[in-house]
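A.B. asks:
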Amino acid sequence: MIKIPKSHPRYFSLKTREKLLHAMKKGLVHETGLFAHGRGEAFDYLFGEKTIAIANEAERVAAAALLNAKNPVISVNGNVVALAPDECINLAKCIPAKIEVNLFHRTTDRVKKLVKELEKAGAEEIYGLKADARIPGLDHDRGICDNNGIFSADVILVPLEDGDRCQALKKMGKTVIAIDLNPLSRTAKTADITIVDNVIRAIPNIETWVEKLRDIDKKSVYNIVKSWDNDKMLDDVLLFVSKRLNSL
Ligand code: ATP
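For the sequence shown, my numbering begins at 2 and goes up steadily by one.
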């Protein structure tokens, strides 16, 4: 790998790509994860590669939903583990929530590697290897999950999701929080709370909100979630993008 000088204007973006490539070579990220990342990068440009105010608000609502949950679970795939392992572990500890590895291109070997990677980073228990339950209505491998993890979760945070599973999780009655830079995706449109932001920024910011909301009374935290209008938020995101493009 070539050395990227810190002075390069795209330093952070290039380092992130390198991280993913490295994780792919270690067998943590599937090849198609690179395509998903590319699409995310393109959308991130539209937001100026920053957390916009609307996303910050969605992150606050997500924190409230996670604090309100009885059995919250963070579902991670290869890209998420490659890009934000410590951030996921810290968020899980502060809620507290479980973490489960869930993959579209699932092999037991890759699940084991991802579990090990998270344990190496300090996680105590990672779900996903038991694979003793199935999300109804999903024929592909993202339907495979743990009974004590995703299957029995009431609130689930799904960074980098696919629309199918998002719909299937909702059909099970779960509250779904998605992180997706594409405000037009099926996932973004289906989730209860969609965070249109990069996982690298979104996950630590949800943690910041969890700390801020922790001492607020339960009813107020519940009301934050109840009054959230996800469709309006997605309209606002598209308006933000069109205004920004017009102003450039
Ligand atoms: P859907 O089924 O919901 O319509 P899709 O099939 O287009 O989605 P995938 O191909 O699984 O979705 O891609 C995952 C999504 O993750 C893409 O929409 C992409 O914008 C988004 N994404 C990629 N990298 C990041 C990131 N770092 N942070 C947030 N979102 C990201």
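Beta carbons are placed, not taken as given, at the ideal position from N, Cα and C, and that holds for glycine.
1) Which ranges does the alpha helix (DSSP H) cover as unbroken runs of at least 4 residues, wholly within the segment 176-240, from first to last along the chain?
2) Does the distance between the C-beta of F44 and the nearest non-hydrogen atom of the ligand ATP fall short of 7 Å?
3) Are there 16 or more other CB atoms within 10 angstroms of the CB of G41, so buried, or fewer, so exposed?
4) Alpha carbon to alpha carbon, how far is R61 from L67? Give it in angstroms, no decimals.
5) Indicate, with yes or no, if the ligand NAP has a heavy atom lying under 7 Å from the CB of L130.
6) If I follow the unbroken beta strand (DSSP E) through K99, where does it start and stop?
7) In three-state terms, what does DSSP make of V30?
8) Examine the ligand ATP and report whether any of its heavy atoms sits within less than 7 Å of the Cβ of A37.
9) Can you tell me the Cβ-Cβ gap for L35 and L47, rounded? I've got them flagged as a contact below 8 Å.
10) Report whether the distance from the Cβ of S186 to the nearest heavy atom of the ligand ATP is below 7 Å.
11) If you follow the alpha helix (DSSP H) that P86 is part of, which residue opens it and which one closes it?
12) Who are L158's beta bridge partners in DSSP?
C.D. replies: Inspection of the coordinates gives the following:
1) Entirely contained in the segment 176-240, the alpha helix (DSSP H) runs reaching 4 residues are, in chain order, 187-191, 200-214, 219-227.
2) In the sequence shown, counting from the first residue as 1, residue 44 sits at position 43. A distance criterion of 7 Å places the beta-carbon of F44 in contact range of the ligand ATP, judged by its closest non-hydrogen atom.
3) Here residue 41 corresponds to residue number 40 of the sequence shown, with the count starting at 1. G41 should be labelled buried.
4) Mapped onto the sequence shown, residue 67 falls at position 66. Mapped onto the sequence shown, residue 61 falls at position 60. Near 10 Å, if we compare the C-alpha coordinates of R61 and L67.
5) As far as ligands go, the structure on display features the ligand ATP and does not contain the ligand NAP.
6) Locating residue 99 in the sequence shown gives position 98, where the first residue counts as 1. Counting along the chain, the beta strand (DSSP E) containing K99 begins and ends at 99-102.
7) If you number the sequence shown from 1, residue 30 lands on position 29. Coil at V30, not helix or strand.
8) Position 36 of the sequence shown, counted from the first residue, corresponds to residue 37. In this structure, the C-beta of A37 approaches the ligand ATP to less than 7 Å from one of its heavy atoms.
9) Locating residue 35 in the sequence shown gives position 34, where the first residue counts as 1. Locating residue 47 in the sequence shown gives position 46, where the first residue counts as 1. In fact, because the Cβ distance is near 20 Å, the residues do not count as touching under 8 Å.
10) By one-based count along the sequence shown, residue 186 stands at place 185. Result yes, Cβ under 7 Å from the ligand ATP.
11) The residue given as residue 86 occupies position 85 in the sequence shown. It spans 86-95 - the alpha helix (DSSP H) in which P86 sits, taken as one unbroken run.
12) The count along the sequence shown starts at 1 and reaches residue 158 at position 157. L158 is bridged to I75, I178.
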